[in-house]
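In my numbering, the protein residues as written are 12 to 433.
Built from N, CA and C at the ideal position, the CB exists for glycine as well.
Structure first, commentary second.
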Ligand code: URA
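Next comes the structure, spelled out in C-alpha cells:
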C-alpha cells in the first residue's frame, strides 16, 4: 500500500477499506507518514466526507491505537460535552449522579481557546488533585462513586496526534472526524451508558443545527454498533450557560446549583443529563429519573456528595473567595435582551486571563465575568449587564457592549434543549 494511492482513491470518491484507513493511521502514528501527507488525507476527508462504514472503521482503528480503561466497575455512566462558554455542567452532574448510586469515572482536559476546561475549573479549588493514578482513581470510584482526573492512561493516542494536526490544518469541523474522535475516546473509557451534550450555536464547535443533528445521529449510531446505550442531547450555545464565565466563578455557581440556588438553564440541563445517565441502570422511565435527580438536589444529597468528592481529591472549599478588581457595564437603553453572544463573552473572559491560547499559558483562576441578564430579560437604561472581575488586563466598555443586543421588540428566552437523539 501507498499513502498517495489511498489519497488518490479518496479524491476519486471511492470507498476506502478498513485496511487502507489503518495503513494511514498506523503510518502517521509510527512516523512513516508525514504531517503534510496526513494533512492532505484529512483535507480530502473533510471535503468528501466518509461513509458510515469508513467512519466506523476509523473509530475502531483509533479506539485500538492505545490503552482501554478497564475499571471493572458496574453501573458506569459517562457524559461528554463538546464544550461551551460557561459550561460547568460536569461539576454539578457528577456528584448528583453519584449521589443516586451510579458510578462516574471521568477524565477531562484543560481548556484551549474560548471555552474553559473542567480541570482548570477544579484547580481553582486549592489542593484539588487532578492527576490521579489508575489505582487511586479506581479505588475512589469504588468508595464514593465518583472521580475525575486529567489524562491518565494512554487512551487513543491516534486521536491526540491527529487532532493536533486537524487544529492547524483546517479540518476540525469535519463531521465524521469529530464523530470518530469523540466516540473512540468514549468507547476506550469503558462506560456502559454514554450521554453526549452536543452544543450548538455561536460559542460551540458546531454552529448549524443541521450539522449538529448529522453529528449527533452519527455518534449514536456508532455507540450502538458497539452495543453501548448512547444518547445525544443538542443544547443551545448561542448564549453562555448560567451566568458565570471564568474558573473560580464557575465553581461557585456550580455549588449554588448543587444547593438548589443555581441558574435555571444550568439546573435544567444537569437534571436532563442526569436522568439520561441513570435511567437505564435503574430500570425506570426518564421522567422518574428526572424526579429523583431533582429530589437529590433539593434534599442536599448531591451537595454532600460534592463535598465528599472534593475532600477525597484533597480540595479545600474554604479557598473559594474571588480576588480581583470589579468593573460593571451598564445598558445604554431600555429594551429586551436579544443577544448575549457566547463566543464574544468567551473571548472576553479569555482576554481577562481565564483561558489559554497555547498549552503552556498560565491562567488566572479568579478572573472572569458574571452576567446579570439572559436573552429575553427586560432591562432599563443604566441596569448592569455584567460584572467583570479582572487583574491587570482591562477590557473596554465598547468591547463589552458588542456582546449584547437590546431590542425594543419583545424577545423570548432561548430554548435550551433543542433535541434528543437516541
Ligand atoms: N472534541 C473532540 O474530542 N474531538 C473533536 O474532533 C472535536 C471535539
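1. Hey, how far is the Cα of residue 190 from the Cα of residue 183?
2. Would you tell me roughly how many angstroms separate the C-alpha atoms of residue 158 and residue 194, rounded to the nearest one?
3. Distance check for residue 335 and residue 263, CA to CA, integer angstroms please.
4. With a cut-off of 8 Å on the beta carbons, I'd call residue 108 and residue 330 a contact; round off their distance for me.
5. Shorter than 6 Å, the distance from the beta carbon of residue 205 to the closest heavy atom of the ligand URA, or not?
6. For the alpha helix (DSSP H) containing residue 145, name the first residue and the last one.
7. Looking at the unbroken alpha helix (DSSP H) that takes in residue 410, where does it start and where does it end?
8. Measure the beta-carbon distance from residue 347 to residue 420 and round it to whole angstroms, keeping in mind my assumption that it falls under 8 Å.
9. Which residues in the same chain as residue 47 place their Cβ atom closer than 7 Å to its Cβ, once the five residues preceding and following it in sequence are excluded?
10. How far does the beta strand (DSSP E) with residue 416 in it extend, from its first residue to its last?
11. Shortest alpha-carbon distance to residue 28 belongs to which of 71, 40, 45 and 54?
12. Out of 251, 271 and 325, which one is the CA nearest neighbour of residue 458?
13. For residue 173, is the beta carbon positioned less than 6 Å from some heavy atom of the ligand URA?
14. Considering only heavy atoms of the ligand URA and the C-beta of each residue, which residues fall inside 5 Å, strictly closer?
15. Quick one: any contact between the stretch 300 to 316 and the stretch 132 to 144, if contact means 3 or more CB pairs under 8 Å?
16. Grab the span of the alpha helix (DSSP H) containing residue 368 for me, first residue to last.
17. Tell me, which residues are paired with residue 245 by DSSP?
Walking through what the data contain:
1. 11 Å
2. 21 Å
3. 15 Å
4. With a Cβ gap of about 25 Å, residue 108 and residue 330 do not count as contacting.
5. no
6. 145 to 155
7. 408 to 412
8. 7 Å
9. none
10. 415 to 418
11. 71
12. This structure leaves residue 458 out entirely; the chain is present only between 12 and 433.
13. no
14. 189, 192 and 193
15. no
16. Careful: residue 368 lies outside any alpha helix (DSSP H) and carries neither H nor E.
17. 209 and 430
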